[in-house]
Amino acid sequence: MKTFEYTIKDPNGLHARPAGLLVQMAQKSASTVKIARGEKTADLKRLFAVMGMNIKQGETVTVSVDGADEEETAKALNEFIKSNF
Amino acid sequence: MTVLRGEGVSSGIASGKLIFLRRDAPSPVRREINDPETEISRFNEARNEAIRQLSKLYAESRAVLGDEHALLFEIHKMMLDDLDYRESVEGLIRSERVNAEYAVAQTASQFADMFRQMDDLYMRERSADVLDVSARVVRLLAGEEVSMPKGSEPFILAADDLAPSETARLDRGRILAFVTMRGSKNSHTAIFARTMGIPAVVELGNSLNESLDGKSVFVDGEAGTVYIEPDPKTESELRSRAHAAEERRRYFERFRGLDAYSPSGRRVLLGANIGSPQDLNLVLAAGADAIGLFRSEFLYLGRDAYPSEDEQFDAYRKAAEAMAGRTVVIRTLDIGADKQAKYFELPQEENPALGMRAIRICLTRPEVFKTQLRALYRASAYGNIAIMFPMIASVEEVRRAKEYCAQVCSELKSEGIAFNSETQVGIMIETPAAAIISDILAPEVDFFSIGTNDLTQYTLAADRQNEAVQPFCDVHHEAVLRLIRMTVENAHKSGIWAGICGELAADTALTDTFMEIGVDELSMPPGNIPEIRAKILDR
Chain A
0 MKTFEYTIKD
10 PNGLHARPAG
20 LLVQMAQKSA
30 STVKIARGEK
40 TADLKRLFAV
50 MGMNIKQGET
60 VTVSVDGADE
70 EETAKALNEF
80 IKSNF
Chain B
0 MTVLRGEGVS
10 SGIASGKLIF
20 LRRDAPSPVR
30 REINDPETEI
40 SRFNEARNEA
50 IRQLSKLYAE
60 SRAVLGDEHA
70 LLFEIHKMML
80 DDLDYRESVE
90 GLIRSERVNA
100 EYAVAQTASQ
110 FADMFRQMDD
120 LYMRERSADV
130 LDVSARVVRL
140 LAGEEVSMPK
150 GSEPFILAAD
160 DLAPSETARL
170 DRGRILAFVT
180 MRGSKNSHTA
190 IFARTMGIPA
200 VVELGNSLNE
210 SLDGKSVFVD
220 GEAGTVYIEP
230 DPKTESELRS
240 RAHAAEERRR
250 YFERFRGLDA
260 YSPSGRRVLL
270 GANIGSPQDL
280 NLVLAAGADA
290 IGLFRSEFLY
300 LGRDAYPSED
310 EQFDAYRKAA
320 EAMAGRTVVI
330 RTLDIGADKQ
340 AKYFELPQEE
350 NPALGMRAIR
360 ICLTRPEVFK
370 TQLRALYRAS
380 AYGNIAIMFP
390 MIASVEEVRR
400 AKEYCAQVCS
410 ELKSEGIAFN
420 SETQVGIMIE
430 TPAAAIISDI
440 LAPEVDFFSI
450 GTNDLTQYTL
460 AADRQNEAVQ
470 PFCDVHHEAV
480 LRLIRMTVEN
490 AHKSGIWAGI
500 CGELAADTAL
510 TDTFMEIGVD
520 ELSMPPGNIP
530 EIRAKILDR
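Chains A and B supply the protein sequences, listed in that same order. Residue 70 in numbering that gives the first Met the number 0 is what sits at position 71 of the first sequence, and the numbering runs on without skipping anything. Residue 75 in numbering that gives the first Met the number 0 is what sits at position 76 of the second sequence, and the numbering runs on without skipping anything.
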């Protein structure tokens with residue numbers, strides 16, 4: 000399993016449009032992808048679940064990727080999150 | 000005459016017959032079904048058709064609304080594809096043996112509630128999106144279509160609310176304006192109306208009701224008022240205002256796309272002043288030749304921590320790409336004075352306008368400054384970016400700022416990151432000091448941009464935020480005009496260009512003076528560009 004942490008810098012938090020692109024990216028992966036903040040965890044392949052977490056600026060999220068292509072998936076997601084949030 | 004008051008979200012005056020959009024509210028009746036699997040495949044057929052429609056809508060609305068706004072329909076598609084959404088609908092059909100229409104409507108209201116309960120405004124607005132896409136599926140299941148009122152005459156559309164997808168499809172040739180009971184200023188619907196140039200008033204509440212259907216009305220999208228069957232006096236006032244506004248718009252339209260030249264044959268670029276990439280649609284709609292002032296503060300204000308290099312890079316690149324080769328002048332951080340951000344921990348000052356601000360802060364906090372410069376240079380590989388330093392008062396400051404540019408360029412080079420090594424570097428002329436020594440500043444830079452707002456307040460020693468001294472703040476003061484002339488002449492002596500990016504740039508009383516002085520660029524709020532272009536070209 001690959002994990003990484005990131006603190007959201009975007010004033011709008013994890014808002015719809017880039018969040019949508021993030022979910023799309025996760026959906027392409029063969030691995031299980033989760034996003035967690037504190038106790039709450041959501042499947043990163045599910046848009047409503049991710050939006051439902053209402054992740055805001057300043058909050059730290061942990062993304063974990065588990066599966067065959069975890070290495071590439073984690074890398075791609077990390078880059079996308081860093082440059083969009 | 001009745002006057003309804005709401006929130007004006009898109010300006011313009013329109014008059015015509017008020018026609019209500021009639022559509023069956025997507026609150027389908029619950030029916031028992033026998034075969035859940037058949038019902039689920041009905042749902043999926045409708046869902047797939049809805050996705051096809053949304054793809055089409057996305058493609059069509061890109062031209063009208065621009066990529067940024069059109070992306071909303073991509074999100075709508077993803078909502079319909081979402082597993083939680085699908086599982087909820089299919090689960091209801093299976094467990095409760097209900098019809099697909101009902102299951103979709105139930106799911107929509109559950110998800111909409113989830114968004115409505117969130118504490119931030121942005122997320123609350125998303126409930127409209129879930130309801131919008133779900134209503135589409137329900138209509139497809141029921142074989143209904145929302146059809147715009149028929150008839151050949153253009154009209155004013157009234158509705159309880161308009162979904163973003165409905166607004167994007169409004170035919171500008173037939174819909175003179177729209178008015179709604181609900182809605183809000185920051186909704187996509189409002190933003191779309193402004194982008195499409197359709198006058199609109201929202202939040203009219205129950206005063207807007209179907210008893211008004213067919214009545215003759217006037218809509219003032221700026222004031223947010225709707226006049227129902229206005230009395231003759233009001234009507235003739237409104238008509239002449241509408242007529243004058245329309246005449247002006249048509250007149251300005253004649254000059255769209257034409258390059259502006261001064262009487263002596265000098266090309267004058269008409270640039271736009273913007274505060275965030277969200278304004279790019281307005282810039283393109285106004286037919287701007289360039290972005291003459293992109294204020295970078297939006298990246299720093301209203302938050303708790305410094306923006307990252309990548310975040311800044313993204314915003315700058317977006318602007319550079321949207322302008323497709325036209326110049327985008329980005330002003331480096333101009334914080335301090337009336338613009339404060341807590342995390343900068345700036346000390347309280349007796350006299351902030353004469354205190355630590357803009358380049359003064361940047362030069363004492365090289366790490367903040369260099370992060371911004373790196374983002375700017377990286378973005379320079381994607382279009383025609385020019386970097387501009389604010390609040391310059393000495394040659395030394397320019398040299399130090401340029402030293403940081405050189406450091407950043409050599410770092411990027413050694414890291415193998417692409418950037419444009421020819422990126423123009425210029426300064427704001429907004430202190431009297433800079434104007435007076437513009438002859439020795441000019442050889443140091445590629446351009447000047449005169450910030451008339453600060454230049455005026457510093458020259459006249461009159462605070463522009465102090466109501467009491469407004470009589471002393473004569474924006475046409477000879478002292479300011481002399482400084483402008485001097486700056487432009489010194490720029491030309493060194494072979495560089497000089498523009499104006501303060502409020503004076505859009506002052507039609509001075510356009511002729513600026514032409515005579517030889518100003519190379521006037522940068523202003525996008526909405527003023529058509530008027531100034533006409534002013535320069537029509538002689």
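C-beta atoms are modelled at their ideal positions from N, C-alpha and C, and glycine is treated no differently.
Between residue i and chain B, is there a C-beta pair that is closer than 9 Å?
i: A:Val-22; result: yes
i: A:Asp-68; result: no
i: A:Asp-65; result: no
i: A:Val-45; result: Residue identity differs from the one stated: residue 45 of chain A is Arg in this sequence, not Val. Output row for A:Arg-45: interface = yes.
i: A:Ala-29; result: no
i: A:Arg-36; result: no
i: A:Lys-55; result: yes
i: A:Asn-83; result: yes
Within this structure, are the beta carbons of residue i and residue j separated by less than 9 Å?
i: B:Asp-80; j: B:Ile-39; result: no
i: B:Ala-405; j: B:Phe-446; result: no
i: B:Glu-228; j: B:Met-0; result: yes
i: B:Leu-375; j: B:Tyr-315; result: yes
i: B:Ser-146; j: B:Phe-72; result: no
i: B:Ala-434; j: B:Thr-486; result: yes
i: B:Asn-272; j: B:Cys-500; result: yes
i: A:Leu-43; j: A:Lys-33; result: yes
i: B:Leu-140; j: B:Pro-27; result: yes
i: B:Thr-326; j: B:Pro-389; result: no
i: A:Ala-29; j: A:Ala-73; result: no
i: A:Leu-76; j: A:Met-52; result: no
i: B:Ser-522; j: B:Leu-269; result: yes
i: B:Asp-212; j: B:Ala-127; result: no
i: B:Ile-426; j: B:Val-397; result: yes
i: A:Met-24; j: A:Val-64; result: no
i: B:Ala-111; j: B:Val-129; result: yes
i: A:Asp-9; j: A:Phe-79; result: no
i: B:Lys-369; j: B:Tyr-403; result: yes
At what residues does the alpha helix (DSSP H) containing residue i begin and finish?
i: B:Ile-92; result: 82-95
i: B:Asn-43; result: 35-64
i: B:Gln-423; result: Careful: B:Gln-423 lies outside any alpha helix (DSSP H), inside the beta strand (DSSP E) at 423-428.
i: A:Ala-75; result: 69-83
i: B:Glu-410; result: 394-413
i: B:Arg-135; result: 120-141
i: A:Arg-36; result: It is not in any alpha helix (DSSP H) - A:Arg-36 instead sits in the beta strand (DSSP E) that spans 31-36.
i: B:Phe-254; result: Premise fails: B:Phe-254 is in no alpha helix (DSSP H) and is neither H nor E.
i: B:Arg-21; result: First-last for B:Arg-21: undefined, no H or E at that position.
i: B:Ala-385; result: Run containing B:Ala-385: none in the alpha helix (DSSP H); it sits in the beta strand (DSSP E), 383-388.
I need the boundaries of the beta strand (DSSP E) containing residue i, first residue and last residue.
i: B:Val-178; result: 174-179
i: B:Gly-7; result: 6-9
i: A:Asn-53; result: Premise fails: A:Asn-53 is in no beta strand (DSSP E) and is neither H nor E.
i: B:Phe-293; result: 289-294
Is there a Cβ from chain A that is less than 9 Å from the Cβ of residue i?
i: B:Pro-148; result: no
i: B:Tyr-121; result: yes
i: B:Arg-65; result: The sequence shown places Gly at residue 65 of chain B, rather than the Arg named in the question. Not an interface residue.
i: B:Ser-307; result: yes
i: B:Glu-320; result: no
i: B:Gly-301; result: yes
i: B:Ala-304; result: yes
i: B:Arg-539; result: The structure shown has nothing for residue 539 of chain B, since chain B only spans 0 to 538.
i: B:Met-78; result: yes
i: B:Glu-73; result: yes
i: B:Glu-89; result: no
i: B:Asp-83; result: yes
i: B:Glu-310; result: yes
i: B:Arg-22; result: no
i: B:Arg-125; result: yes
> If we count Cβ pairs, one from each stretch, closer than 8 Å, do we get three or more for the stretch 4-13 of chain B versus the stretch 6-25 of chain A?
Replying inline: no
>> To test your reading of the DSSP string, which unbroken beta strand (DSSP E) runs of 3 or more residues are found completely within the stretch 430-512 of chain B?
In response: 446-449, 496-499
>> Quick test of the definition: if touching needs 3 or more C-beta pairs under 8 Å, does the stretch 177-188 of chain B touch the stretch 197-204 of chain B?
In response: yes
> At which residue ranges does the stretch 297-374 of chain B contain complete beta strand (DSSP E) runs of 3 or more residues, listed in the order of the chain?
Replying inline: 326-330
> In chain order, which continuous runs of the alpha helix (DSSP H) of length 4 or greater are located wholly inside the stretch 186-238 of chain B?
Replying inline: 187-195
> Pairing CB atoms from the stretch 414-422 of chain B with CB atoms from the stretch 370-387 of chain B, are three or more of them under 8 Å?
Replying inline: yes
>> Measuring CB atoms only, is the stretch 52-69 of chain B touching the stretch 108-122 of chain B, in the sense that at least three cross pairs come out at less than 8 Å?
In response: no
> Any contact of the stretch 293-302 of chain B with the stretch 344-352 of chain B, i.e. 3+ C-beta pairs under 8 Å?
Replying inline: no
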